[in-house]
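Visitor: Structure provided below as C-alpha coordinates; questions to follow.
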Amino acid sequence: MSKEIQGHLETLAVHAGVTPDPTTGAIMTPIYATSTYVQSSPGQHRGYEYSRTKNPTRTALEESIAALEGGRHGFATASGCAAMDILMHLLNTGEHVVCVDDVYGGSSRLLRMVWARHGVDVTFADLVNKPISDFVKPNTRMIWIETPTNPMLKVIDIEAISKWASKQNPKPIVVVDNTFATPIFQSPLALGADVVLHSTSKYLNGHSDLVGGAIVTDKDELADRIHYLQNAAGGVAGAFDSWLVLRGIKTLALRMQRHNENGHEIAGWLEKHPRVDKVIYTGLPSHPQADVARRQMRGAGGMITFFLKGGLAEARKFLETVRVFSLAESLGGVESLVDHPAIMTHASIPAETRKQLGISDNLIRLSVGVEHVEDLRKDLEAALSASAR
173 MSKEIQGHLE TLAVHAGVTP DPTTGAIMTP IYATSTYVQS SPGQHRGYEY SRTKNPTRTA
233 LEESIAALEG GRHGFATASG CAAMDILMHL LNTGEHVVCV DDVYGGSSRL LRMVWARHGV
293 DVTFADLVNK PISDFVKPNT RMIWIETPTN PMLKVIDIEA ISKWASKQNP KPIVVVDNTF
353 ATPIFQSPLA LGADVVLHST SKYLNGHSDL VGGAIVTDKD ELADRIHYLQ NAAGGVAGAF
413 DSWLVLRGIK TLALRMQRHN ENGHEIAGWL EKHPRVDKVI YTGLPSHPQA DVARRQMRGA
473 GGMITFFLKG GLAEARKFLE TVRVFSLAES LGGVESLVDH PAIMTHASIP AETRKQLGIS
533 DNLIRLSVGV EHVEDLRKDL EAALSASAR
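For the sequence shown, our numbering gives the first residue as 173, with consecutive numbering after it.
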(Lines of atoms letter the chains of each structure in order from A and count residues from 1; the text may use other names and numbers.)
(Lines give C-alpha, C1' and ligand atoms only; values in the text may rest on other atoms or scores of the structure.)
Protein backbone atom coordinates (compact mmCIF):
# COMPACT_ATOMS: atom_id res chain seq x y z
CA MET A 1 0.00 0.00 0.00
CA SER A 2 2.69 2.48 0.96
CA LYS A 3 5.44 3.96 -1.13
CA GLU A 4 8.99 3.10 -0.10
CA ILE A 5 10.41 6.14 1.69
CA GLN A 6 13.83 6.47 3.25
CA GLY A 7 15.35 9.45 4.99
CA HIS A 8 15.50 11.28 8.27
CA LEU A 9 12.81 10.96 10.93
CA GLU A 10 11.31 14.31 9.92
CA THR A 11 10.77 12.97 6.40
CA LEU A 12 9.48 9.60 7.57
CA ALA A 13 6.95 11.30 9.84
CA VAL A 14 5.39 12.99 6.82
CA HIS A 15 5.58 10.19 4.26
CA ALA A 16 6.06 6.72 5.78
CA GLY A 17 3.06 4.41 5.49
CA VAL A 18 1.04 6.58 3.12
CA THR A 19 0.68 6.78 -0.64
CA PRO A 20 -1.80 8.59 -2.89
CA ASP A 21 -5.07 6.69 -3.12
CA PRO A 22 -4.89 4.51 -6.28
CA THR A 23 -8.53 5.23 -7.19
CA THR A 24 -8.63 9.02 -6.89
CA GLY A 25 -5.07 10.17 -6.28
CA ALA A 26 -6.07 11.60 -2.88
CA ILE A 27 -2.84 12.48 -1.07
CA MET A 28 -4.28 11.59 2.35
CA THR A 29 -5.01 7.97 3.22
CA PRO A 30 -8.80 7.50 3.15
CA ILE A 31 -10.80 6.42 6.19
CA TYR A 32 -11.84 2.90 5.23
CA ALA A 33 -15.04 2.71 7.26
CA THR A 34 -15.85 -0.89 6.48
CA SER A 35 -16.08 -4.07 8.50
CA THR A 36 -15.69 -6.54 5.63
CA TYR A 37 -14.34 -6.85 2.09
CA VAL A 38 -15.75 -8.53 -1.02
CA GLN A 39 -13.92 -11.67 -2.16
CA SER A 40 -13.77 -12.80 -5.79
CA SER A 41 -13.88 -16.44 -4.67
CA PRO A 42 -13.82 -18.10 -1.25
CA GLY A 43 -10.48 -17.20 0.32
CA GLN A 44 -9.42 -15.02 -2.61
CA HIS A 45 -9.23 -11.35 -1.65
CA ARG A 46 -7.00 -8.31 -2.06
CA GLY A 47 -5.23 -8.68 1.29
CA TYR A 48 -8.22 -7.64 3.37
CA GLU A 49 -11.07 -9.85 4.54
CA TYR A 50 -12.31 -8.45 7.88
CA SER A 51 -11.32 -5.23 9.66
CA ARG A 52 -10.51 -6.86 12.98
CA THR A 53 -7.74 -8.67 11.13
CA LYS A 54 -6.66 -5.86 8.85
CA ASN A 55 -7.88 -2.45 7.66
CA PRO A 56 -6.15 -0.25 5.04
CA THR A 57 -6.23 2.91 7.17
CA ARG A 58 -4.84 1.00 10.13
CA THR A 59 -2.20 -0.58 7.90
CA ALA A 60 -0.97 2.88 6.86
CA LEU A 61 -0.65 3.92 10.51
CA GLU A 62 1.12 0.69 11.46
CA GLU A 63 3.64 1.10 8.65
CA SER A 64 4.20 4.74 9.63
CA ILE A 65 4.92 4.00 13.30
CA ALA A 66 7.06 0.97 12.43
CA ALA A 67 9.19 3.09 10.08
CA LEU A 68 9.68 5.77 12.74
CA GLU A 69 10.77 3.16 15.30
CA GLY A 70 13.04 1.36 12.86
CA GLY A 71 10.97 -1.83 13.05
CA ARG A 72 9.46 -4.08 10.39
CA HIS A 73 6.12 -4.80 12.04
CA GLY A 74 3.60 -2.39 13.57
CA PHE A 75 0.29 -2.99 15.31
CA ALA A 76 -2.24 -0.25 16.09
CA THR A 77 -4.40 -1.03 19.12
CA ALA A 78 -7.49 0.37 20.81
CA SER A 79 -5.43 1.92 23.64
CA GLY A 80 -2.03 1.80 25.26
CA CYS A 81 -3.41 -0.57 27.88
CA ALA A 82 -4.79 -2.80 25.11
CA ALA A 83 -1.30 -2.90 23.59
CA MET A 84 0.14 -3.93 26.95
CA ASP A 85 -2.54 -6.57 27.41
CA ILE A 86 -1.73 -8.11 24.02
CA LEU A 87 1.95 -8.34 24.97
CA MET A 88 1.10 -9.89 28.32
CA HIS A 89 -0.77 -12.62 26.44
CA LEU A 90 2.63 -13.75 25.15
CA LEU A 91 3.23 -15.17 28.64
CA ASN A 92 2.02 -18.37 30.22
CA THR A 93 0.65 -18.90 33.71
CA GLY A 94 3.52 -19.18 36.19
CA GLU A 95 5.95 -17.05 34.20
CA HIS A 96 7.62 -13.96 35.61
CA VAL A 97 7.85 -10.31 34.56
CA VAL A 98 10.36 -7.76 35.85
CA CYS A 99 8.76 -4.31 35.56
CA VAL A 100 10.37 -0.99 36.40
CA ASP A 101 9.02 0.20 39.75
CA ASP A 102 7.93 3.67 38.63
CA VAL A 103 5.37 3.02 35.93
CA TYR A 104 2.12 4.50 34.62
CA GLY A 105 -0.76 3.81 37.01
CA GLY A 106 -2.79 1.97 34.37
CA SER A 107 0.15 -0.31 33.56
CA SER A 108 0.70 -1.06 37.24
CA ARG A 109 -2.98 -1.79 37.73
CA LEU A 110 -3.08 -4.18 34.76
CA LEU A 111 -0.10 -6.13 36.11
CA ARG A 112 -1.13 -6.14 39.79
CA MET A 113 -4.90 -6.51 39.57
CA VAL A 114 -5.46 -8.43 36.33
CA TRP A 115 -2.49 -10.51 35.21
CA ALA A 116 -1.40 -11.42 38.74
CA ARG A 117 -4.86 -12.99 39.17
CA HIS A 118 -4.13 -15.14 36.12
CA GLY A 119 -0.93 -16.53 37.59
CA VAL A 120 1.69 -14.20 36.09
CA ASP A 121 4.34 -13.32 38.68
CA VAL A 122 5.40 -9.65 38.64
CA THR A 123 8.33 -7.96 40.38
CA PHE A 124 8.46 -4.15 40.42
CA ALA A 125 12.16 -3.34 40.33
CA ASP A 126 14.44 -0.37 40.92
CA LEU A 127 16.26 -0.61 37.59
CA VAL A 128 18.20 2.61 38.21
CA ASN A 129 20.13 1.72 41.34
CA LYS A 130 20.32 -2.07 41.02
CA PRO A 131 21.28 -4.43 38.17
CA ILE A 132 18.54 -6.33 36.38
CA SER A 133 20.17 -9.58 37.55
CA ASP A 134 19.04 -8.80 41.11
CA PHE A 135 15.39 -9.26 40.13
CA VAL A 136 15.22 -12.05 37.59
CA LYS A 137 14.11 -15.60 38.32
CA PRO A 138 14.50 -18.87 36.39
CA ASN A 139 11.00 -18.27 35.00
CA THR A 140 11.52 -14.62 33.95
CA ARG A 141 10.19 -14.22 30.40
CA MET A 142 9.70 -10.47 30.06
CA ILE A 143 11.38 -7.24 31.18
CA TRP A 144 9.09 -4.21 31.07
CA ILE A 145 10.85 -0.85 30.81
CA GLU A 146 9.24 2.56 30.81
CA THR A 147 11.77 5.30 30.17
CA PRO A 148 11.55 8.09 31.07
CA THR A 149 9.26 6.72 33.76
CA ASN A 150 5.93 8.15 34.82
CA PRO A 151 5.89 10.33 36.88
CA MET A 152 9.40 10.35 38.41
CA LEU A 153 11.15 10.58 35.01
CA LYS A 154 13.77 7.97 35.83
CA VAL A 155 15.93 7.08 32.83
CA ILE A 156 16.53 3.35 32.40
CA ASP A 157 19.58 2.16 30.46
CA ILE A 158 17.91 0.28 27.59
CA GLU A 159 21.14 -0.88 25.98
CA ALA A 160 22.61 -2.31 29.20
CA ILE A 161 19.46 -4.28 30.05
CA SER A 162 19.02 -5.48 26.46
CA LYS A 163 22.63 -6.70 26.33
CA TRP A 164 22.15 -8.62 29.58
CA ALA A 165 18.89 -10.15 28.32
CA SER A 166 20.50 -11.25 25.04
CA LYS A 167 22.90 -13.51 26.97
CA GLN A 168 20.16 -15.38 28.84
CA ASN A 169 18.66 -18.71 27.84
CA PRO A 170 15.76 -18.55 27.40
CA LYS A 171 16.00 -14.88 26.50
CA PRO A 172 13.35 -12.68 28.14
CA ILE A 173 11.44 -10.29 25.86
CA VAL A 174 12.56 -6.70 26.47
CA VAL A 175 9.66 -4.27 26.07
CA VAL A 176 10.14 -0.48 26.15
CA ASP A 177 7.28 1.95 26.61
CA ASN A 178 8.51 4.86 24.47
CA THR A 179 5.47 7.10 24.98
CA PHE A 180 7.28 9.97 26.73
CA ALA A 181 10.33 10.16 24.45
CA THR A 182 8.67 9.21 21.13
CA PRO A 183 10.75 7.88 18.23
CA ILE A 184 11.91 11.43 17.59
CA PHE A 185 14.00 11.42 20.78
CA GLN A 186 14.62 7.72 21.49
CA SER A 187 15.04 4.52 19.45
CA PRO A 188 14.69 1.47 21.74
CA LEU A 189 14.95 -1.16 18.98
CA ALA A 190 18.30 0.28 17.89
CA LEU A 191 19.43 -0.05 21.52
CA GLY A 192 18.57 -3.75 21.58
CA ALA A 193 14.96 -3.87 22.77
CA ASP A 194 12.64 -6.47 21.24
CA VAL A 195 9.39 -4.51 21.36
CA VAL A 196 8.35 -0.86 21.58
CA LEU A 197 4.99 0.22 22.95
CA HIS A 198 3.17 3.56 22.66
CA SER A 199 0.06 5.16 23.95
CA THR A 200 -0.75 6.93 20.68
CA SER A 201 -3.23 9.03 22.66
CA LYS A 202 -0.23 11.09 23.71
CA TYR A 203 2.54 12.61 21.57
CA LEU A 204 2.11 10.54 18.41
CA ASN A 205 -1.40 11.88 17.92
CA GLY A 206 -0.70 15.09 19.78
CA HIS A 207 -4.17 16.64 19.80
CA SER A 208 -5.96 15.04 22.78
CA ASP A 209 -8.83 13.80 20.64
CA LEU A 210 -8.52 10.01 20.71
CA VAL A 211 -7.40 6.98 22.73
CA GLY A 212 -5.09 4.50 21.04
CA GLY A 213 -1.95 2.40 21.33
CA ALA A 214 0.75 0.81 19.20
CA ILE A 215 3.28 -2.03 19.24
CA VAL A 216 6.40 -2.24 17.05
CA THR A 217 8.95 -5.03 16.69
CA ASP A 218 11.63 -6.06 14.22
CA LYS A 219 11.38 -9.75 15.18
CA ASP A 220 9.41 -11.76 12.58
CA GLU A 221 8.47 -14.67 14.84
CA LEU A 222 7.40 -12.33 17.63
CA ALA A 223 5.35 -10.28 15.16
CA ASP A 224 3.50 -13.41 14.04
CA ARG A 225 2.57 -14.19 17.64
CA ILE A 226 1.44 -10.61 18.32
CA HIS A 227 -0.69 -10.53 15.17
CA TYR A 228 -2.33 -13.81 16.10
CA LEU A 229 -3.15 -12.56 19.60
CA GLN A 230 -4.47 -9.21 18.42
CA ASN A 231 -6.64 -10.82 15.77
CA ALA A 232 -7.92 -13.45 18.21
CA ALA A 233 -8.75 -11.05 21.03
CA GLY A 234 -9.61 -7.87 19.11
CA GLY A 235 -8.55 -4.59 20.68
CA VAL A 236 -7.69 -3.01 17.32
CA ALA A 237 -7.61 0.69 16.48
CA GLY A 238 -10.63 1.85 14.49
CA ALA A 239 -10.25 3.39 11.05
CA PHE A 240 -11.09 6.95 12.13
CA ASP A 241 -8.75 6.85 15.14
CA SER A 242 -6.02 5.42 12.92
CA TRP A 243 -6.54 8.27 10.47
CA LEU A 244 -6.32 10.86 13.27
CA VAL A 245 -3.02 9.45 14.56
CA LEU A 246 -1.66 9.27 11.01
CA ARG A 247 -2.53 12.93 10.57
CA GLY A 248 -0.94 13.84 13.92
CA ILE A 249 2.30 12.03 13.12
CA LYS A 250 2.90 14.33 10.13
CA THR A 251 3.72 17.16 12.56
CA LEU A 252 5.36 14.99 15.24
CA ALA A 253 8.92 16.17 14.60
CA LEU A 254 7.88 19.83 14.61
CA ARG A 255 5.80 19.45 17.75
CA MET A 256 8.51 17.56 19.63
CA GLN A 257 11.02 20.29 18.79
CA ARG A 258 8.71 22.89 20.37
CA HIS A 259 7.86 20.67 23.37
CA ASN A 260 11.60 20.24 23.90
CA GLU A 261 12.38 23.97 23.65
CA ASN A 262 9.57 24.94 26.02
CA GLY A 263 10.39 22.07 28.37
CA HIS A 264 14.00 23.20 28.77
CA GLU A 265 12.94 26.81 29.36
CA ILE A 266 10.29 25.98 31.96
CA ALA A 267 12.39 23.35 33.79
CA GLY A 268 15.35 25.70 34.13
CA TRP A 269 13.09 28.49 35.35
CA LEU A 270 11.30 26.27 37.89
CA GLU A 271 14.59 25.00 39.26
CA LYS A 272 15.43 28.54 40.38
CA HIS A 273 11.97 29.42 41.71
CA PRO A 274 11.69 30.00 45.48
CA ARG A 275 8.32 28.18 45.62
CA VAL A 276 9.80 24.97 44.16
CA ASP A 277 11.71 22.36 46.18
CA LYS A 278 12.98 20.18 43.36
CA VAL A 279 12.65 19.74 39.59
CA ILE A 280 13.06 16.49 37.66
CA TYR A 281 13.64 16.90 33.92
CA THR A 282 15.80 14.69 31.75
CA GLY A 283 17.32 17.72 30.03
CA LEU A 284 18.71 19.26 33.22
CA PRO A 285 22.30 18.58 34.37
CA SER A 286 20.81 17.96 37.83
CA HIS A 287 18.88 14.90 36.65
CA PRO A 288 20.19 11.80 38.50
CA GLN A 289 20.63 9.88 35.23
CA ALA A 290 21.68 12.80 33.05
CA ASP A 291 24.57 10.80 31.58
CA VAL A 292 22.31 7.95 30.47
CA ALA A 293 19.78 10.44 29.10
CA ARG A 294 22.45 12.14 26.99
CA ARG A 295 23.63 8.79 25.68
CA GLN A 296 20.30 7.27 24.66
CA MET A 297 18.01 10.27 24.08
CA ARG A 298 18.13 12.96 21.40
CA GLY A 299 15.96 15.38 23.36
CA ALA A 300 14.18 15.75 26.68
CA GLY A 301 10.69 16.64 25.46
CA GLY A 302 7.96 18.36 27.43
CA MET A 303 7.48 16.24 30.56
CA ILE A 304 8.50 17.91 33.84
CA THR A 305 7.94 16.73 37.41
CA PHE A 306 8.47 19.13 40.30
CA PHE A 307 7.85 19.31 44.02
CA LEU A 308 6.01 22.38 45.22
CA LYS A 309 6.90 23.79 48.62
CA GLY A 310 4.13 22.80 51.01
CA GLY A 311 1.62 19.96 50.98
CA LEU A 312 -1.72 19.03 49.48
CA ALA A 313 -3.37 22.37 50.32
CA GLU A 314 -0.67 24.33 48.48
CA ALA A 315 -0.71 21.89 45.56
CA ARG A 316 -4.49 22.12 45.29
CA LYS A 317 -4.34 25.94 45.24
CA PHE A 318 -1.69 25.83 42.51
CA LEU A 319 -3.75 23.40 40.41
CA GLU A 320 -6.93 25.44 40.81
CA THR A 321 -5.19 28.68 39.78
CA VAL A 322 -3.55 27.73 36.46
CA ARG A 323 -5.36 28.97 33.34
CA VAL A 324 -3.14 28.31 30.31
CA PHE A 325 -2.22 24.92 31.76
CA SER A 326 -5.32 22.70 32.01
CA LEU A 327 -5.80 20.42 35.00
CA ALA A 328 -6.41 17.08 33.29
CA GLU A 329 -5.10 13.55 32.99
CA SER A 330 -3.09 12.48 29.93
CA LEU A 331 -0.20 14.30 28.27
CA GLY A 332 1.50 14.94 24.96
CA GLY A 333 -1.07 17.23 23.38
CA VAL A 334 -0.32 20.60 21.83
CA GLU A 335 -1.96 22.21 24.86
CA SER A 336 -0.18 22.32 28.21
CA LEU A 337 -1.59 20.03 30.90
CA VAL A 338 -0.94 19.73 34.61
CA ASP A 339 -1.60 16.64 36.70
CA HIS A 340 -1.56 15.64 40.36
CA PRO A 341 -0.39 11.99 40.11
CA ALA A 342 -1.21 10.98 43.69
CA ILE A 343 -4.89 11.84 43.20
CA MET A 344 -5.25 11.47 39.43
CA THR A 345 -3.14 9.28 37.12
CA HIS A 346 -1.50 7.14 39.83
CA ALA A 347 -4.32 6.91 42.37
CA SER A 348 -4.71 3.17 41.66
CA ILE A 349 -1.19 2.51 42.97
CA PRO A 350 -1.22 1.57 46.69
CA ALA A 351 -0.46 4.52 48.97
CA GLU A 352 2.57 2.82 50.52
CA THR A 353 4.03 2.16 47.07
CA ARG A 354 3.46 5.76 46.05
CA LYS A 355 5.27 6.86 49.19
CA GLN A 356 8.24 4.61 48.44
CA LEU A 357 8.45 5.96 44.90
CA GLY A 358 8.25 9.57 46.07
CA ILE A 359 4.81 10.31 44.60
CA SER A 360 3.88 12.76 47.33
CA ASP A 361 1.02 15.24 47.76
CA ASN A 362 3.24 18.14 46.64
CA LEU A 363 4.37 16.41 43.43
CA ILE A 364 3.15 18.09 40.23
CA ARG A 365 3.54 16.70 36.70
CA LEU A 366 3.58 19.08 33.75
CA SER A 367 3.05 18.23 30.11
CA VAL A 368 4.45 21.38 28.52
CA GLY A 369 2.68 22.22 25.28
CA VAL A 370 3.57 24.30 22.24
CA GLU A 371 2.19 27.66 23.40
CA HIS A 372 4.44 30.72 23.74
CA VAL A 373 6.81 30.01 26.60
CA GLU A 374 6.31 33.43 28.19
CA ASP A 375 2.57 32.79 28.54
CA LEU A 376 3.32 29.45 30.17
CA ARG A 377 5.79 31.04 32.54
CA LYS A 378 3.35 33.77 33.57
CA ASP A 379 0.63 31.21 34.19
CA LEU A 380 2.89 29.12 36.41
CA GLU A 381 4.16 32.20 38.24
CA ALA A 382 0.61 33.26 39.11
CA ALA A 383 -0.25 29.77 40.35
CA LEU A 384 2.97 29.44 42.36
CA SER A 385 2.32 32.81 43.99
CA ALA A 386 -1.23 31.78 44.80
CA SER A 387 0.01 28.57 46.42
CA ALA A 388 2.08 30.63 48.86
CA ARG A 389 -1.03 32.42 50.03
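Note that the Cβ used here is the ideal one computed from N, Cα and C, for glycine as well.
Since we're looking at a predicted model, the values are computed, not measured.
1. Leaving aside the five residues before and after PRO344 along the sequence, list all residues of the same chain whose C-beta is less than 7 angstroms from its C-beta, in chain order.
2. Per DSSP, what are the beta-bridge partners of TRP336 in this structure?
3. Secondary structure at GLY385, three-state DSSP: helix, strand or coil?
4. Just grab the DSSP bridge partners of ILE315 for me.
5. Judging by CA-CA distance, which residue of HIS379, GLU221 and ILE177 is the nearest neighbour of VAL417?
6. Based on the DSSP secondary-structure assignment, which residues constitute the bridge partners of LEU509?
7. So which of SER557, VAL190, GLY420 and ASP298 has the shortest CA-CA distance to THR372?
8. Taking DSSP's pairing of strands, which residues face VAL417 in a bridge?
9. Threshold first: 4 residues or longer. Then list the alpha helix (DSSP H) segments lying entirely within the region 254-299, N to C.
10. Can at least three beta-carbon pairs, one atom from the region 354-373 and one from the region 186-196, be found at a separation below 8 angstroms?
11. Starting from the C-beta of LEU509, find all residues in its chain whose C-beta is less than 7 angstroms away, skip the five residues before and the five after it, and write them out in chain order.
12. So, ILE387 versus LEU259, is the Cβ gap smaller than 8 angstroms?
13. Is ILE356 closer than 8 angstroms to MET428 when the C-beta atoms are compared?
14. Pair every Cβ in the region 407-415 with every Cβ in the region 274-292, then say whether three or more of these pairs are closer than 8 angstroms.
15. How would you label ASP413, buried or exposed, when you count the other beta carbons within 10 angstroms and need 16 or more for buried?
16. Any idea if SER334 is buried or exposed, counting beta-carbon neighbours within 10 angstroms, 16 or more meaning buried?
17. Is the region 286-294 touching the region 253-268 in the sense that three or more CB pairs, one from each, lie closer than 8 angstroms?
18. Which class does THR354 belong to by DSSP, given the choice of helix, strand or coil?
19. Would you mind listing the alpha helix (DSSP H) stretches within the region 420-496 that are 4+ residues and don't spill past its ends, in chain order?
20. Hey, out of ALA198, GLY246 and LYS489, whose CA is closest to ASP392's CA?
21. Identify every residue that forms a DSSP beta bridge with GLY189.
22. Closest to ALA472 by CA distance: which of HIS436, SER458 and ALA485 is it?
23. From the DSSP output, read off the bridge partner residues of VAL408.
24. In whole angstroms, what is the alpha-carbon distance linking GLY242 and ASP390?
25. Under 8 angstroms between the Cβ atoms of ALA485 and HIS512?
26. Let me check understanding here. Comparing Cα to Cα, which of VAL448, LEU240 and LYS489 lies closest to THR183?
27. First and last residue of the alpha helix (DSSP H) that includes SER236?
28. For a test of the three-state rule: what should DSSP assign to HIS370, helix, strand or coil?
29. Under a three-way DSSP split, which group does THR208 fall into?
30. Skipping 5 residues on each side, what residues in its chain have a beta carbon closer than 7 angstroms to that of GLU235?
31. Grab the span of the alpha helix (DSSP H) containing ASP141 for me, first residue to last.
32. Kindly list the residues whose CB is nearer than 6 angstroms to the CB of THR517, restricted to its own chain and excluding five residues on each side of it in sequence; keep chain order.
33. Would you give the residue range spanned by the alpha helix (DSSP H) that LYS527 belongs to?
34. Could you give the DSSP three-state label for TYR222: helix, strand or coil?
35. Look up GLN178 in the DSSP assignment and say whether it is helix, strand or coil.
36. What does a CB cutoff of less than 6 angstroms around ASP329 pick up in its chain, not counting 5 residues either side in sequence?
Guide: With the given structure in hand:
1. The beta carbon of PRO344 sits closer than 7 angstroms to the beta carbons of THR312, ARG313, MET314, ILE315 and ALA337 from its chain, once the five residues preceding and following it are set aside; these are given in chain order.
2. None; TRP336 has no bridge partner.
3. If DSSP states are grouped into helix, strand and coil, GLY385 belongs with the strands.
4. ILE315 is bridged to VAL270 and VAL346.
5. VAL417 has its Cα closest to that of HIS379, out of HIS379, GLU221 and ILE177.
6. Paired residues: SER498 and SER539.
7. That would be GLY420, whose Cα lies nearest to the Cα of THR372.
8. In the DSSP assignment, VAL417 is bridged to no other residue.
9. Entirely contained in the region 254-299, the alpha helix (DSSP H) runs reaching 4 residues are, in chain order, 277-281.
10. Contact between the region 354-373 and the region 186-196 is absent, because fewer than three Cβ pairs lie under 8 angstroms.
11. Cβ-Cβ distances below 7 angstroms link LEU509 to PHE497, SER498, ALA500, SER502, LEU503 and SER539 in the same chain, with the five nearest sequence neighbours on each side left out; the list follows chain order.
12. For ILE387 and LEU259, yes; Cβs fall inside 8 angstroms.
13. MET428 is a Cβ neighbour of ILE356, given a cutoff of 8 angstroms.
14. Too few Cβ pairs lie closer than 8 angstroms, so no.
15. Only buried fits ASP413, as 16 or more other CB atoms lie within 10 angstroms of its CB.
16. Flag for SER334 reads buried.
17. Verdict: yes, contact present.
18. In the structure shown, THR354 sits in a helix (DSSP, three-state: H, G or I).
19. Segments of the alpha helix (DSSP H) lying fully in the region 420-496: 424-443, 462-468 and 484-493.
20. With distances taken between Cα atoms, ASP392 lies closest to GLY246.
21. Bridge partners of GLY189: none, in fact.
22. Cα-wise, what sits closest to ALA472 is HIS436.
23. Answer by DSSP bridge pairing, in chain order: THR249.
24. For GLY242 and ASP390, the gap between their C-alpha atoms comes out near 8 angstroms.
25. Taking 8 angstroms as the Cβ cut-off, ALA485 and HIS512 do not qualify as a contacting pair.
26. Nearest to THR183 by C-alpha distance, out of VAL448, LEU240 and LYS489, is LEU240.
27. Segment 228-241, the alpha helix (DSSP H) holding SER236.
28. In the structure shown, HIS370 sits in a strand (DSSP, three-state: E or B).
29. The answer is strand: DSSP assigns THR208 an E or B state.
30. Shown here for GLU235: same chain residues with a beta carbon closer than 7 angstroms to its own, the five before and five after excluded, namely SER174, ALA188, GLY189 and GLY246 in chain order.
31. Given a span of 173 to 561 for the chain in the structure shown, any question on residue 141 remains unanswerable.
32. These residues qualify, in order along the chain: GLY277, GLU501 and ASP511.
33. From DSSP, the alpha helix (DSSP H) with LYS527 extends over 523-529.
34. Assigned with DSSP and collapsed to three states, TYR222 falls in strand.
35. GLN178 falls in the coil class under three-state DSSP.
36. Within the same chain, ASP329 has close Cβ partners VAL464.
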